[in-house]
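In our numbering, the protein residues as written are 1296 to 2040.
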């Protein structure tokens, strides 16, 4: 069942979904010709196996069999909803085969994140977030982000955006879900079609339950995986029931807990399915589809399921043919069920936010670009909904244009995270060059959001290990657009810095920093952040081990003015395939602010990522200078390590100025089971540059050429890199990074 939950959970979701909102299904009666029987199509659940439904639809169209109503569960609800809007089987096949299922399920888009929140992606790389309530941890409703999936559903049924009653679709439709609180069957016959789809496919634990009208709903497979009775109540004189079966399990395949749990789930689902199949009469047609090599979670195999469904339907073609129409009559029926199209040029009279309890609607409204008085743009409304989810406070947001008392109301229905508004994340990292340099850390991040109406937040983060870190800060927007903010903080850090004399490590310092800072800034949408500030603190740099002639800087007061501009349009938290990341930072140490001495440090970096299929390229440049001001050694630039003059040890090159340009290539060479991660990569880098005015006094003429070869894994632990770097002069180093210890460029 775990296979079903992770698989069906992550992918069944994609081709199935549901919520809506109606009471018991009304007996919608489509127009029928003559005395022909009304035919109800029933599509069962099955995750990625549901691609077979499209193959069955192809055969029904070839045989000229009309469909007068459709009832579906889970994946069957996804395919059924799409077909009910007037799409043909061929059009449906093109839609589902064009979807990059792995991309849709692997990560949520991050365009709408604030840059301040994006920065945490590189520190807490596993992406797993828990809630905190009354001193206890609260787990999310589901492990798979659903906003991208719901957006996909909306795109598939975009022609029916303004249809509230499912009886008014070209083919009347019902989606079946399970009421999570009492276990009853819920039949959606009205409301938001995409929400009904997602509710029907909300696999427990994998996807968060869907809330509709104050009730929570999950996958309908638990109560009615094949809703024959629902279709019969709708309109059907004849049922065509398509079930997606599993091969008979052998004892050899039931040797572990996951397999046993999965089989137990299958038995429960097949039990309610058999009860429905038992109600079929001689007039009805059962189309059993057995998919031996495609599991519920194999969404990348959806195209392979389509011909299997075709073959299953052809095996009962003689029985199905009883309900074929003559070509002219079928063409007339088809013409009467043309594809639903969105109403053009509808002016929005009101934009309404519903579902907000903790978050302030006066603030949230500023992040919605759809306005009253404008022509309704479905794509814009969908993007608004996605952007709201990406701000971090909602598990889902749906948009729907409804008519109330002659007014067109664009409704954004937001579901605040049930485990919020206080959150905690855990992560870890490890890095070694197998030459004695070992860095590791276990870290935690706690956030308490919406402390006031403007969205004030408290954040505390700590890491034990090498380095050790602590940060406590308060973020306070100063107006309702949350553009401008102030952010006071206290901090402490302890790290080790190696000192090299040419290629030999001659000493190791322990550098401790602590102090307070005050920053003010501007959030520039989801792409940029500009801030300035002052800090006051202390730095202790003491020699831990090393040669007698190496002197430690000792204790120094710190006081500085700071400035930073940060730019981030990467499409993913990790292993980005497009976008740009860059920053410019300035540090001005001043005795007038309490510092021991005056000096400056200016640093900048930019990297652009682009891809062709599974091939990803990164072009990056970075550099820094002290503008001739001679900072103490603990504040000089330190480079070396994978992608930073590969071949040198981490932090081996220390100097007052540097420049580095690099080109990196990687290819996704394998895919992982969703339980372990997403993909495996192989890559290489080429780097050129130098570090000047070095701490060890070595000359830095010309440029250093270096490069690396590596294997990377996008795992549930975070990114894993195993790399080998080589630099001119014969220097080479092997690196292992687990978690957030490596800078990707």
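Backbone N, C-alpha and C define an ideal beta-carbon position, used for all residues, glycine too.
Residue i and residue j closer than 7 angstroms at C-beta
{"i": "residue 1697", "j": "residue 1709", "result": "no"}
{"i": "residue 1931", "j": "residue 1911", "result": "no"}
{"i": "residue 2003", "j": "residue 2018", "result": "yes"}
{"i": "residue 1369", "j": "residue 1495", "result": "yes"}
{"i": "residue 1744", "j": "residue 1716", "result": "yes"}
{"i": "residue 1335", "j": "residue 1364", "result": "yes"}
{"i": "residue 1929", "j": "residue 1836", "result": "yes"}
{"i": "residue 1514", "j": "residue 1489", "result": "no"}
{"i": "residue 1564", "j": "residue 1586", "result": "no"}
{"i": "residue 1353", "j": "residue 1384", "result": "yes"}
{"i": "residue 1582", "j": "residue 1608", "result": "yes"}
Under the three-state DSSP convention, the category residue i falls into
{"i": "residue 1371", "result": "helix"}
{"i": "residue 1763", "result": "strand"}
{"i": "residue 1669", "result": "coil"}
{"i": "residue 1932", "result": "strand"}
{"i": "residue 1735", "result": "strand"}
{"i": "residue 1797", "result": "coil"}
{"i": "residue 1312", "result": "In this prediction, residue 1312 scores a pLDDT of 30, lower than 50, which makes its location untrustworthy; the coordinate-derived value is nonetheless stated afterwards. It is coil, neither helix nor strand."}
{"i": "residue 1921", "result": "coil"}
{"i": "residue 1599", "result": "helix"}
{"i": "residue 1324", "result": "Summary for residue 1324: the model assigns pLDDT 36, below 50, so the residue's position carries little reliability; its value from the coordinates is reported in the next sentence. Reduced to three states, the DSSP call for residue 1324 is coil."}
{"i": "residue 2034", "result": "coil"}
{"i": "residue 1893", "result": "coil"}
{"i": "residue 1720", "result": "strand"}
{"i": "residue 1652", "result": "coil"}
{"i": "residue 1942", "result": "coil"}
{"i": "residue 1873", "result": "coil"}
Where the alpha helix (DSSP H) containing residue i begins and where it ends
{"i": "residue 1776", "result": "Segment: none, residue 1776 is in no alpha helix (DSSP H) and carries neither H nor E."}
{"i": "residue 1622", "result": "1622-1630"}
{"i": "residue 1614", "result": "1612-1615"}
{"i": "residue 1495", "result": "1488-1495"}
{"i": "residue 1355", "result": "1346-1357"}
{"i": "residue 1282", "result": "Shown here, the chain extends from 1296 to 2040; a query on residue 1282 therefore has no answer."}
Identity of the residue in the options nearest residue i by Cα
{"i": "residue 1468", "options": "1446, 1492, 1480", "result": "1492"}
{"i": "residue 1957", "options": "1976, 1990, 1974, 1918", "result": "1918"}
{"i": "residue 1749", "options": "1890, 1763, 1774", "result": "1774"}
{"i": "residue 1996", "options": "1990, 1984, 1339, 2005", "result": "1984"}
{"i": "residue 2011", "options": "1334, 1532, 1721, 1598", "result": "1721"}
{"i": "residue 1701", "options": "1724, 1665, 1643, 1736", "result": "1643"}
{"i": "residue 1601", "options": "1992, 1347, 1687, 1804", "result": "1347"}
{"i": "residue 1465", "options": "1381, 1530, 1476", "result": "1381"}
{"i": "residue 1528", "options": "1462, 1904, 1477, 1848", "result": "1462"}
{"i": "residue 1888", "options": "1857, 1901, 1777, 1877", "result": "1857"}
{"i": "residue 1359", "options": "1615, 1445, 1470, 1537", "result": "1615"}
Between the CA atoms of residue j and residue i - distance to the nearest angstrom
{"i": "residue 1870", "j": "residue 1953", "result": "26 angstroms"}
{"i": "residue 1681", "j": "residue 1711", "result": "13 angstroms"}
{"i": "residue 1606", "j": "residue 1436", "result": "38 angstroms"}
{"i": "residue 1248", "j": "residue 1572", "result": "Outside the shown range of the chain, which is 1296 to 2040, sits residue 1248, and nothing can be said about it."}
{"i": "residue 1625", "j": "residue 1584", "result": "26 angstroms"}
{"i": "residue 1862", "j": "residue 1913", "result": "16 angstroms"}
{"i": "residue 1424", "j": "residue 1341", "result": "28 angstroms"}
{"i": "residue 1416", "j": "residue 1506", "result": "28 angstroms"}
{"i": "residue 1426", "j": "residue 1741", "result": "9 angstroms"}
{"i": "residue 1768", "j": "residue 1753", "result": "6 angstroms"}
{"i": "residue 1322", "j": "residue 1645", "result": "With a pLDDT of 35 at residue 1322, under the threshold of 50, the modelled position of that residue is not reliable, and no figure is offered here."}
{"i": "residue 1731", "j": "residue 1653", "result": "50 angstroms"}
{"i": "residue 1831", "j": "residue 1808", "result": "11 angstroms"}
{"i": "residue 1350", "j": "residue 1511", "result": "33 angstroms"}
{"i": "residue 1859", "j": "residue 1824", "result": "8 angstroms"}
{"i": "residue 1504", "j": "residue 1678", "result": "22 angstroms"}
{"i": "residue 1430", "j": "residue 1501", "result": "25 angstroms"}
{"i": "residue 1894", "j": "residue 1955", "result": "23 angstroms"}
{"i": "residue 1665", "j": "residue 1419", "result": "33 angstroms"}
{"i": "residue 1630", "j": "residue 1357", "result": "16 angstroms"}
{"i": "residue 1791", "j": "residue 1907", "result": "41 angstroms"}
{"i": "residue 1409", "j": "residue 1617", "result": "59 angstroms"}
{"i": "residue 2006", "j": "residue 2033", "result": "12 angstroms"}
{"i": "residue 1694", "j": "residue 1683", "result": "11 angstroms"}
{"i": "residue 1938", "j": "residue 2038", "result": "8 angstroms"}
Limits of the unbroken beta strand (DSSP E) element including residue i
{"i": "residue 1473", "result": "1468-1474"}
{"i": "residue 1392", "result": "Note, residue 1392: premise wrong, no beta strand (DSSP E); alpha helix (DSSP H) at 1384-1393."}
{"i": "residue 1362", "result": "First-last for residue 1362: undefined, no H or E at that position."}
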